[in-house]
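Just so we're aligned: the sequence shown equals residues 1 to 58 in full-length UniProt numbering.
Don't be surprised by glycine CBs; every beta carbon is placed ideally from N, CA and C.
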Amino acid sequence: MKAIVIDQPGGPEQLKLKDVPTPQTKPGWSLIKIKGFDEFSNQVQLFVPKDFGGSSPA
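Right, here's the structure in full:
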């Protein structure tokens, strides 16, 4: 799969498009395929209810 990877600290110039192995899911986890995004995608926020349980996004 393709992924945007950051190998070292810095600005946007550090973002690299690379081929990486598709992650294996664990029981109870999901793998989401992103079909596309736009320049405003970085403004999207994930809202998870406090009583949802599990881990919060990093």
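Look at the Cβ atom of K33, then the Cβ atom of D19, and state whether they are nearer than 8 Å.
Cβ atoms of K33 and D19: not closer than 8 Å.
Would you mind reading off the limits of the beta strand (DSSP E) that contains D19?
First-last of the beta strand (DSSP E) with D19: 15–19.
Work out the CA separation of L17 and P9 for me, nearest whole Å.
Approximately 16 Å between the Cα atoms of the pair.
Taking 8 Å as the threshold (C-beta atoms), are L31 and P21 in contact?
No, they are not a contact pair.
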